[in-house]
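Enquirer:
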Amino acid sequence: MADQTRRIENETSGAYARVADAPESWPVERSEERYRGPKCGMRTDWVEMPGAGGEGRTVAARDYMDHPGAAAIVALDDQGRVLLQRQYRHPTGHTLWELPAGVLDAEGEGPLATARRELVEEAGLRAATWHRLPAFFPSTGFSNERIHIFLARDLSEVPEEEIDFVREHEETDLASEWLPLEEAVRAVLADRLHNGATLIGVLAAHAASGDGFAALPEASDD
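Per full-length UniProt numbering, residue 1 is the first one in the sequence shown, and the count goes up by one each step.
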């Protein structure tokens with residue numbers, strides 16, 4: 001396993017390092033907001049693109065959800081168990097077991113600060129050690145939403161009187177379960193879990209656990 005890990009690291013730092021996503025922005029002729037709600041909006045951009053067969057230029061309309069992004073937390077206790085919470089998700093018609101998570105909707109609050117706040121509000125926990133797991137775009141053809149995932153360890157409970165948060169709506173029915181990380185991986189591979197951040201977070205944390213999380217970058221909002 002150690003040899004395989006070294007081989008992957010060498011490949012990633014060498015010729016294969018070119019396979020990496022990069023920011024890019026094609027010219028936008030005009031943009032129009034179609035809808036604005038409390039957490040997201042819908043826009044149409046008229047984007048300048050290559051013409052048919054790469055000949056000339058054309059303008060094509062692209063509709064997408066304008067979303068501030070979100071943060072999710074793989075909270076791992078000293079027994080190697082990950083916290084999952086069951087919540088009703090109306091658009092999917094399912095109750096889903098998910099990582100604690102929340103939208104980046106507080107002004108001036110970065111992804112890590114949001115993750116810290118959500119862990120307190122949703123789980124009543126604080127973490128002394130934070131690392132960054134992969135961030136991802138859940139629906140690249142439809143939304144600019146980006147979800148940041150963090151690994152939180154060295155957990156401690158927050159006294160109830162210190163939690164300044166009142167659950168309402170779907171959050172009033174939250175149920176929690178601590179699963180051994182290996183069992184959470186089995187649940188993912190057995191198609192028992194379907195939330196995107198949960199799948200990516202569980203599998204990434206399991207992959208990173210091989211060297212005791214030593215290769216993970218420390219989390220920061222810098």
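From the three backbone atoms N, C-alpha and C, an ideal C-beta is built for every residue, glycine too. Computed from a predicted structure; not experimentally measured.
#1: Which of the three DSSP states, helix, strand or coil, is assigned to Ala31?
#2: Determine, using beta carbons only, whether Thr114 and Gly102 come nearer to each other than 8 Å.
#3: Using the C-alpha atoms, what's the distance from Ala52 back to Glu157?
#4: At 4 residues or longer, what runs of the alpha helix (DSSP H) sit wholly inside the region 146-208?
#5: Sorted by chain position, which residues of the same chain lie with C-beta nearer than 6 Å to Ala219's C-beta, five sequence neighbours on each side aside?
#6: Grouping DSSP H, G and I as helix and E and B as strand, with all else coil, what is Val19?
#7: Measure the alpha-carbon distance for Ala187 versus Pro100 and round it to whole angstroms.
#8: According to the neighbour-count rule (16 or more other Cβ atoms, all chains shown, within 10 Å of its Cβ), is Gly141 buried or exposed?
#9: With respect to the alpha helix (DSSP H) encompassing Ala113, which residues constitute its N-terminal and C-terminal limits?
Expert: So, from the listed chains and residues:
#1: One detail in the question is off: residue 31 reads as Ser in this sequence, not Ala. Of the three classes helix, strand and coil, the one that applies to Ser31 here is strand, per DSSP.
#2: Inclusion of Thr114 and Gly102 in the CB contact set at 8 Å is warranted, their separation being smaller than that value.
#3: Roughly 59 Å separates the two Cα atoms.
#4: As far as the region 146-208 is concerned, its whole alpha helix (DSSP H) runs of at least 4 residues are 181-189 and 196-208.
#5: Leu112, Trp130, His131, Arg132 and Phe150.
#6: Reduced to three states, the DSSP call for Val19 is coil.
#7: Those two C-alpha atoms are separated by around 17 Å.
#8: Looking at its Cβ environment, which holds fewer than 16 other Cβ atoms inside 10 Å, Gly141 is exposed.
#9: Segment Pro111 to Ala123, the alpha helix (DSSP H) holding Ala113.
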